[in-house]
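A.B. asks: One structure, pasted below without further comment.
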Amino acid sequence: MPKKKYFSQSIEEVLKAFKTKKEGLSDIEAKSRLKHHGLNKLPEEKMIPWFFLLVNQFKNSLVYILLGAALISFFLEDLIDMYVILAAVLVNVAVGFIQEYKAVKAMETLKKVITFYARVIRNGREKEIKAEELVPGDVVLLKAGDKVPADGRLIFSKNFEVNEASLTGESIPVKKITDQLKNDLVIAEQKNMVFMGTVVVTGVGEFVVTDTGVNTELGKIATLIRETSEERTPFQKKLDHFSRLLGYITIGVSFVIFLIGVIEGIGFTQIFITSVAIAISAIPEGLVIAVTAILAVGMQRILKQKALVKKLVAAETLGSTTVICVDKTGTLTEGDMRVSKLVTLNHDLSPAQHYASTPQIKESMELVLLFKIGVLSNDAVIQNPQDEFSKWKMIGNPTEKSLLSVGARLGFYREDLEKEEPCLDEIPFDSDKKYMLTLHQQKDKKVIYLKGAPEKVLEMSKRIQNGKAIKPMSLSLKKKFQNEFEEMSRTGLRTLAFGYQLVNSKAENLGNLKQLKELSDQFIFLGFVGIKDPLRKKTKETIELCKKAGINIVMITGDHKLTAQAIAKELGLKSKAENILEGKDLVKLTHKELVKRIRDISVYARVTPKDKLQIVDAWQEKGEVVAMTGDGVNDAPALKTADIGIALGSGSDVAKETSDMVILDDNFRTIVAAVREGRIIFNNIKKVILYLLSDSLSEMILITGAIIINAFFVKDFPLPLLASQILWINLIDDSFPSIALTFDPEEKEIMTEKPLGHNQNFFTKEMKILTLLISVVLGLGSLLLFLFLIRNGWELVRVQTIIFTFFAVSTLFYVFSIRSLRHSVFVEKFSSNRYLIYAVLTGFIMQLMAVYFSPLQKVFRTVALRFEDWVIIGIACVIIIVLIELTKHIFILRNKR
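Using UniProt numbering, the final residue of the sequence shown is 897, and nothing's skipped along the way.
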């Protein structure tokens, strides 16, 4: 189909060009067009080829140092050390490649999870389909918060504005129209067109799809668009800085060791290669890659909990969350609303009890008008009304779905009502105004229908429907209804009131209706409904779990204060009057006043999306890490400001795009499960840091100590470890266990500890003490053992083999001890991380080969160990583990106080 300037064509011409109509395509025709045009997708950014990832592993300072050392060994004709160093290069490259490839694959998987949907008209009915299944000629419906899924020509618009910044760079919303425009207009001037990737700000609209996928305006420039590289998390930046600092210190110490060794007459080759080996083993070059892998794998585990973390920074921050501000509807509750009570001047009933008595209901003027408004002033859709009620599939706002459902079951069908009273205009519900207006054409007159918060509708009403008559709304009647809906609110029901007003028949839209101000308190009150939204199962228990975990739960709702109080009480949240703040009172507080009161408020009622931003700011000023949920276009600022912005899977496209995490099942328990996984991620990162640092520093202490003894106390004192042995220890101890720790499961008490706040150091006091303890005990202990055995006449090569094996084996075994700072190694289940068992066994077998396998004995200059040698190694290992466990026990006892 040739490209045309559809903005310069009339609606009829565009419909004709695409062989479609306002009732949309048939499913059969759409399927045929999908085969011809292909999926409505932009070219995906390809995954980095594995060989590029592999090559990138050679581009780091660690590999350069190793290759330099290998080259010098070659010139010095020390071929064995050269081969060992080259093997170390390959191992470091392999480990880095595995970790990074794992992270990249995890991120690729996550990118494919979010599916965007579009509301279309197919076979004459509204339905929801995947946006990628749109075809030219489809009729698509848009509302505020939607991301436009394809390019198209508008055929209907009402108060319709679109933000086209993603395409034009202009952030001011564009008012869209359906009129035919003149030729030769740039994209920014094509006001009757909508374009893929832009966002609906206000109003509703319908458009005919003209282009999909690569043929859209966005698709044309897709080759110029590149996703921004994944932002490095604050933690990664700190860790990177820490690694660099440690690297500089290590290189400095290694250089000093080299100089002292040369001065003291140690062979140049030996001291040079040893210094390089020390530098290589002590620089935690793989730490940042390991952390990235832990975060990426953690994101996959979170996905299994039905939560999609979109950024590494969010996976890191989740574990530190101290406050969760959560929307009540659909998150704490099921979001499956049912009208359970209906009150008018002459009726107080449950609609469910009257499904079989529709004729009697239709005899009541109040009930007829109330149900009519509930169905007509409504954007929800039943996709399959021909099926029985239990099989209905509905899309839209939960409150509106409940009204449409009860109306249809009582015989009030929107299609029939719209034929009788077509909608001319509407003012959508607004959380500030707290009401919605629609203008309808009746036979010889026009009527405004009102739907909104009971207190607002009562305030706007001066009269009341009494059967077929209308009478003044007295103060006593107003008080009666006020008490009635407050009583309903106390039982946890969401209440919604209805009214109407006849207007001048010349009025064409609500914006031009001059009488609107005068009519603002002249409506005729009909009554209100009570809507029940059951709590999700185990929500109360989940909130209790959060309390034990030191996480504050704050409930936010647009419901009445009394409804919010009833729900809060049922959930176990603080629900006294001083713990609840209404939106109207919130706006009266200064920022300082809110910050002062913030910890005492657990429930916010009748709040707007703007209020959410104030709440987030106040908590953050207290130093808290705040997670905030949201689903609407107006929630975007709060989601962006929060440390963790959480969008609901059923929410608007804008909310999903702005957020850091998407809850795919809208369940509060999923948020808490994601926080738990975040803590596991953070815990595993700490284990890897503790393990790698203690191992690296102990080797440095051992060699530095030997050099000092040689320089000041014992001339020609030999080195306890050779360069090749240090590199081998680095291979079997650092590589396999650190990868295995990535998969370490949850510890039982992970959700009973207080989270780390913004200002707390990830490298805790306990970690510092343990790192120092292990490094000093292992390093100095090995040095003293070496000195003792040498002084007692033991053969040098045998003693070096003992120290070599002790270092390798003790490090392999104490990894089990540092898996938990909360429990003794003797009560932990070893089988809970089978990868770690495999890693330790692999490392142990490799060490045995280095000691007993003849070709490797020549490489590492080892001899076969005797039984008594293993006894010494075993006793030394036990001492290390006992000291670690005693230190942990002190931590545990102190934390219990």
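Glycine residues also receive a C-beta, built at the ideal position from the N, C-alpha and C atoms.
#1: Can you tell me whether arginine 119 is helix, strand or coil according to DSSP?
#2: Spatial neighbours of isoleucine 680 within its chain, please: CB distance less than 6 Å, with the 5 preceding and 5 following residues excluded, ordered by chain position.
#3: Going by beta carbon distance, what residues of the same chain come within less than 6 Å of lysine 610, once the five residues before and after it are set aside?
#4: Is the separation between the beta-carbon of glycine 492 and that of alanine 605 shorter than 9 Å?
#5: Pick helix, strand or coil for methionine 193, following the three-state DSSP scheme.
#6: Output the boundary residues of the beta strand (DSSP E) element that contains lysine 555.
#7: Among Ile881, Pro149, Pro49, Glu29, which has the Cα closest to the Cα of valine 104?
#8: Okay, do the stretch 481-495 and the stretch 332-351 touch, 3+ Cβ pairs below 8 Å being the bar?
#9: Starting from the C-beta of arginine 226, find all residues in its chain whose C-beta is less than 6 Å away, skip the five residues before and the five after it, and write them out in chain order.
#10: Apart from the five residues on each side of it in sequence, which residues of its chain come closer than 8 Å, Cβ to Cβ, to aspartate 716?
#11: Identify the continuous alpha helix (DSSP H) that holds arginine 669 and give its terminal residues.
#12: Between which two residues does the alpha helix (DSSP H) holding aspartate 416 run?
#13: What is the DSSP secondary structure of glutamate 394, counted as helix, strand or coil?
#14: Restricting to runs no shorter than 3 residues, where is the beta strand (DSSP E) found entirely within the stretch 442-507?
#15: So which of Met700, Gly645, Leu721 has the shortest CA-CA distance to lysine 311?
#16: Do isoleucine 373 and leucine 526 have their C-beta atoms within less than 9 Å of each other?
#17: Just mark aspartate 559 as buried or exposed, buried being the case when its beta carbon has 16 or more other beta carbons within 10 Å.
#18: I'd like the list of long-range same chain contacts for phenylalanine 116, defined as Cβ closer than 7 Å, with 5 residues on each side in sequence excluded.
#19: Tell me which same chain residues have a C-beta within less than 6 Å of the C-beta of alanine 549, skipping the five on either side of it?
#20: Specify whether the stretch 852-859 and the stretch 769-779 touch according to this definition: at least 3 beta carbon pairs, one from each stretch, less than 8 Å apart.
#21: Can you tell me which residues form a DSSP beta bridge with glycine 38?
#22: Just verifying my parser: in three-state terms, what is the DSSP assignment at aspartate 665?
#23: Between which residues of its own chain and valine 688 is the CB-CB distance below 6 Å, once the five residues before and five after are set aside?
#24: In the DSSP assignment, find the unbroken beta strand (DSSP E) run with serine 340 in it and report its ends.
#25: How long is the line joining the alpha carbons of isoleucine 803 and glutamine 725, rounded to whole angstroms?
#26: Per DSSP, asparagine 163 forms a beta bridge with which residues?
#27: Return the Cβ separation of lysine 158 and valine 204 in integer angstroms, given the expectation that the two are a contact with Cβ distance under 8 Å.
#28: Taking the alpha helix (DSSP H) that lysine 584 belongs to, which residues open and close that run?
#29: Within 10 Å of its beta-carbon, does glycine 213 have 16 or more other beta-carbons around it, so buried, or fewer, so exposed?
#30: Excluding the 5 residues preceding and the 5 following valine 840 in the sequence, name in chain order all residues of the same chain whose CB lies nearer than 6 Å to its CB.
#31: Just the Cα atoms here: how many angstroms apart are serine 229 and asparagine 683?
#32: How would you write the range of the beta strand (DSSP E) that aspartate 327 sits in, first residue to last?
#33: So, with DSSP's three-state summary, where would you put leucine 437?
#34: How would you call asparagine 384, buried or exposed, if buried means at least 16 neighbouring beta carbons within 10 angstroms?
#35: Taking only three categories from DSSP, how would you classify glutamate 828?
#36: Between the Cα of lysine 748 and those of Val827, Val253, Ile845, spot the shortest distance and give me the residue it belongs to.
C.D. replies: Here's the rundown:
#1: Arginine 119 falls in the strand class under three-state DSSP.
#2: Excluding positions up to five away in sequence, the list reads Glu746.
#3: Excluding sequence neighbours, lysine 610 sits near nothing in its chain.
#4: Their beta carbons are not under 9 Å apart, which means glycine 492 does not touch alanine 605 by this criterion.
#5: Here methionine 193 sits in strand by DSSP.
#6: Looking at the sequence provided, one finds methionine at residue 555 rather than lysine. Element bounds for methionine 555: 552-556.
#7: The residue with the shortest Cα to Cα distance from valine 104 is Pro49.
#8: Touching, per the Cβ criterion.
#9: Per-residue confidence for arginine 226 stands at a pLDDT of 42, beneath the threshold of 50, marking its modelled position as unreliable; the derived number appears in the next sentence. The answer is none, since no qualifying residue turns up.
#10: Answer for aspartate 716: Gly265, Asn710, listed in chain order.
#11: 668-712 is the span of the alpha helix (DSSP H), which, as asked, contains arginine 669.
#12: According to the DSSP assignment, aspartate 416 belongs to the alpha helix (DSSP H) that extends over 414-420.
#13: Reading off the sequence shown, one finds methionine at residue 394, where the question assumed glutamate. Methionine 394: strand per DSSP, three-state reduction.
#14: Listed in chain order, they are 446-452, 461-466, 469-472, 494-503.
#15: With respect to the C-alpha of lysine 311, the residue from Met700, Gly645, Leu721 having the closest C-alpha is Gly645.
#16: With contacts defined as CB atoms closer than 9 Å, isoleucine 373 and leucine 526 qualify as a contacting pair.
#17: Here aspartate 559 is buried: its Cβ has 16 or more other Cβ atoms, across all protein chains shown, within 10 Å.
#18: Here the set comprises Ala131, Lys147, Pro149, Asp653.
#19: Contacts found: Met751.
#20: Cβ pair count under 8 Å is below three, so no.
#21: For glycine 38, which the question treats as bridged, DSSP gives no partner whatsoever.
#22: Looking at aspartate 665 - three-state DSSP - the assignment turns out to be coil, as it is neither helix nor strand.
#23: Hits under 6 Å: Ala290, Ser738, Leu741.
#24: Annotation for serine 340: the continuous beta strand (DSSP E) segment containing it runs 338-344.
#25: Taking the straight line from one Cα to the other gives about 10 Å.
#26: DSSP output for asparagine 163 lists Val199 as bridge partner(s).
#27: Right, the Cβ-Cβ distance comes to about 5 Å (below 8 Å), so this counts as a contact.
#28: Residues 583-586.
#29: By the neighbour-count rule (16 or more Cβ atoms within 10 Å), glycine 213 is buried.
#30: In chain order, Leu812 place their CB closer than 6 Å to the CB of valine 840, counting only its own chain and leaving out the 5 sequence neighbours on each side.
#31: Summary for serine 229: the model assigns pLDDT 45, below 50, so the residue's position carries little reliability, and this model does not support an answer.
#32: That run of the beta strand (DSSP E) goes 323-327.
#33: The answer is strand: DSSP assigns leucine 437 an E or B state.
#34: It is exposed - the Cβ of asparagine 384 has fewer than 16 other Cβ atoms within 10 Å.
#35: Note: glutamate 828 maps to coil in three-state DSSP.
#36: It is Val827.
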